[in-house]
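Chemist:
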Amino acid sequence: NPMNAFELISTSQGLDLSALFEEK
Amino acid sequence: MGCFHSKPSQHAAGYEDPVALASDTTFSVSEIEALYELFKKISSSVIDDGLIHKEEFRLALFKNSKKENLFADRVFDLFDVKRNGVIDFGEFVRSLSVFHPNAPLEDKIDFAFQLYDLRRTGFIEREEVKQMLIALLSESDMKLSDDVIETILDKTFAEADTNNDSRIDKEEWQNFVLRNPSLMKNMTLPYLKDITTAFPSFVFNSEVEDV
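Those protein sequence lines, which keep their order, are chains A and B. In terms of the working numbering, the first sequence opens at residue 647 and continues consecutively. In terms of the working numbering, the second sequence opens at residue 618 and continues consecutively.
1) Under 8 Å, Cβ to Cβ, is there at least one residue of chain A near Tyr653 (chain B)?
2) With three or more beta-carbon pairs closer than 8 Å as the criterion, would you say the stretch 638 to 652 of chain B touches the stretch 663 to 671 of chain B?
3) Distance cutoff 8 Å, beta carbons only. Does Lys772 (chain B) sit that close to anything in chain A?
4) Evaluate contact between the stretch 661 to 670 of chain A and the stretch 675 to 692 of chain B, counting only Cβ atoms and requiring at least three cross-stretch pairs below 8 Å.
5) Count the other CB atoms, across all protein chains shown, that sit within 10 Å of the CB of Val828 (chain B); report buried if there are 16 or more and exposed otherwise.
6) Find the residues of chain A that neighbour Ala829 (chain B), judging by a C-beta separation of less than 8 Å, and give them in chain order.
7) Which of helix, strand or coil does DSSP assign to Ala685 (chain B)?
8) Does the beta carbon of Leu668 (chain B) sit closer than 8 Å to a beta carbon anywhere in chain E?
9) Leu638 (chain B) and Arg691 (chain B) - do their beta-carbons sit closer together than 8 Å?
10) With distance defined between alpha-carbon atoms, name the residue in B:Leu754, B:Thr805, B:Lys747 nearest to Lys725 (chain B).
11) Between Glu593 (chain B) and Glu767 (chain B), what straight-line distance do the alpha-carbon atoms span, to the nearest angstrom?
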């Protein structure tokens with residue numbers, strides 16, 4: 647049951663900008 | 618709404634008046650000042666020049682300034698509206714504003730479209746989606762054969778590309794996303810609602826007085 651391509655793409659770490667807000 | 622005036626100050630190149638930025642974005646003046654605390658941290662992590670370079674963006678996202686990632690680079694390029702290789706404070710705030718929980722869904726859909734339109738042709742082409750899938754697989758442990766990738770592309774385009782021209786135009790993208798709202802999940806950052814709590818030191822550095 648293949649997923650839709652954009653569902654897969656949207657899991658990229660590079661698209662998760664919440665990391666910008668992590669303690670530096 | 619309060620009435621604000623800014624105290625004169627010395628800032629790094631690329632700084633923009635929080636009052637002006639607040640009138641252009643979803644953020645309040647205090648939230649923009651809190652974002653400036655974050656911006657200062659990121660923009661001084663490799664080269665302390667008040668601008669975010671690609672290495673600094675990667676460092677903030679991955680804790681590694683050399684880690685190449687197609688999607689992080691695309692996000693960087695979209696934040697870099699002036700296309701001069703760096704993100705200044707105004708670009709940072711205006712772009713992040715799209716990720717605010719209160720930002721219009723239409724802006725989020727539009728940003729994601731630009732993100733995935735790798736060649737900036739005004740269409741998301743099948744080849745681009747394939748390139749992004751391969752990039753995603755290379756950053757994870759997932760292994761998929763070319764046949765499986767083609768099947769995923771067939772299924773995706775059968776659903777999204779309603780006029781069957783092997784590319785997704787803006788209208789098709791909007792309709793597709795409205796049918797698949799989970800695709801917009803990473804276009805909203807709940808952190809942006811609590812940014813003044815996350816960076817309380819903005820109060821001590823505030824240059825704007827509410828009068």
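Heads up, the beta-carbon is just placed ideally off N, CA and C, and yes, glycines get one too. Keep in mind that this is a model prediction, so the values were computed, not measured.
Modeler: Let's see:
1) no
2) no
3) It does; some Cβ of chain A falls within 8 Å.
4) yes
5) Low confidence applies to Val828 (chain B): its pLDDT is 41, below 50, so where it sits in the model is not reliable, and the reading given next is rough at best. Of the residues assessed, Val828 (chain B) falls on the exposed side of the cut-off, its CB having fewer than 16 other CB atoms within 10 angstroms.
6) Nothing can be reported for residue 829 (chain B), as the shown portion of chain B is limited to 618 through 828.
7) According to the sequence provided, residue 685 (chain B) is Glu. The question's Ala does not apply to it. In the structure shown, Glu685 (chain B) sits in coil (DSSP, three-state: anything other than H, G, I, E or B).
8) Here the protein chains are A and B, and chain E is not one of them.
9) no
10) Ranking B:Leu754, B:Thr805, B:Lys747 by Cα distance to Lys725 (chain B) puts B:Thr805 first.
11) Coverage of chain B is limited to positions 618 through 828, which leaves residue 593 (chain B) absent and any answer about it impossible.
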